[in-house]
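See below for the structure under consideration.
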Amino acid sequence: MTGLFAAHWLLSAPARVPFGTSIGGVLSSASLAAPESIMGGAGLLISVSLSLAGIWFWPFSRRIKIQPREESLAAYDHVTGLPTLRLFTVLLEQGLTRASHMGRSVGVLVADLHQFRPLPASVTTPNISLIVRVQAARIKSALPSNNTVARIGDRRFAILIENVVARDQIDALAQNIYRTMSLPLMIEGQEVLLTCQIGGAMYGSTAASGETLLSQAVKSLALATSENPIRFSDSVGDTISTSSLAVHAAAGESLLR
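Be aware that the sequence shown starts at 29, since it is given in our numbering, and climbs by one per residue.
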């Protein structure tokens, strides 16, 4: 804006010609005033260019500042279309409320993707976004339609299981997810071999909060290993247990053959 005012002042300033000056003097004065007009025009051109550049760049700079916040507040993941952690916590609290009214239990599973067989060094890095999208679809296919699947991390998924009658119900779903996610993938002509580790937690109708339930499932996940890939906690303070070691060992051996 300052450049515009300065250029306008230079252009609007009249050339000073002394009274009684001859025609030659007037021409001389005009020739002297010409550089001043040229400078004013150049200043106007530069200022207008800078102003237009600022107007053009402003939305992009504003987008750069706002985009991270918009992504952190997003309800759905842009890669998989699944709920994000933000929405999942809301759905989890709603599930706990329904469970308290119905006298049922609620379970949460947290699954991490892992690569259990190293790929050759010559193989290019697989498309991670495509792998995550396929695995998200696999998880949904391994569950009844009334359960909620969310993406809460780069390679981490959370599953909300409602109307749980017994622990065996969650155990069976976790095993089904494990087997489904451990199947080989063919991504862009490459065979990608993956598996997962799962942590689970189950609360009764007296569960304190969804945050506590999810936190307990994450703690169970931290104790999972390649030998014991599924770990559970039945309630707050319970000892975390292993789920069907023989089944998982057999599944792992069949995949490695």
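Ideal placement from N, C-alpha and C gives every residue a C-beta, glycine not left out.
What number of angstroms, rounded off, separates the C-alpha of ILE226 from the C-alpha of THR240?
One-based indexing of the sequence shown puts residue 226 at position 198. One-based indexing of the sequence shown puts residue 240 at position 212. Their backbone Cα atoms lie some 17 Å apart in a straight line.
LYS247 versus VAL118, ASN256, GLY228 and SER237, residue with shortest Cα-Cα distance
Locating residue 247 in the sequence shown gives position 219, counting from the first residue. Comparing Cα positions, the closest option is GLY228.
Cβ-based neighbour list, ILE159, same chain, cut-off 8 Å, excluding 5 preceding and 5 following
In the sequence shown, counting from the first residue as 1, residue 159 sits at position 131. Excluding residues within five positions, the ones whose Cβ falls inside 8 Å are LEU141, LEU213, ILE215, VAL220 and LEU222.
Comparing C-alpha positions only, which one of ARG114, LEU124, VAL134 and ALA165 sits nearest to SER261?
Taking the first residue of the sequence shown as position 1, residue 261 is located at position 233. It is VAL134 whose Cα lies nearest to the Cα of SER261.
Taking ALA250 as the reference, give the member of LEU119, GLN203, VAL138 and GLY217 with the closest Cα.
Indexing the sequence shown from 1 puts residue 250 at position 222. Checked all of LEU119, GLN203, VAL138 and GLY217; the closest Cα to ALA250 is VAL138.
Please say whether ILE198 and ALA170 have beta carbons closer to each other than 9 Å?
For the purposes of this step, residue 170 is taken as the residue at position 142 of the sequence shown. For the purposes of this step, residue 198 is taken as the residue at position 170 of the sequence shown. Cβ atoms of ALA170 and ILE198: not closer than 9 Å.
Determine the closest residue to GLN244 out of GLN122, HIS106 and ARG259, with distance taken between C-alpha atoms.
Numbered from its first residue, the sequence shown carries residue 244 at position 216. Comparing Cα positions, the closest option is ARG259.
Given a threshold of 16 other Cβ atoms within 10 Å of its Cβ, counted over all protein chains shown, does VAL177 qualify as buried or as exposed?
Here residue 177 refers to the residue found at position 149 when the sequence shown is read from its first residue. Classification of VAL177: buried, given that the 10 Å Cβ count is 16 or more.
Rounded to the nearest angstrom, what separates ALA194 and ASN256 at their Cα positions?
In the sequence shown, counting from the first residue as 1, residue 194 sits at position 166. In the sequence shown, counting from the first residue as 1, residue 256 sits at position 228. CA-CA distance, ALA194 to ASN256, rounds to 21 Å.
If ILE189 and LEU113 are in contact, beta carbons under 8 Å, what's the gap, nearest whole angstrom?
Counted from its first residue, the sequence shown places residue 189 at position 161. Counted from its first residue, the sequence shown places residue 113 at position 85. Not a contact, Cβ separation roughly 17 Å.
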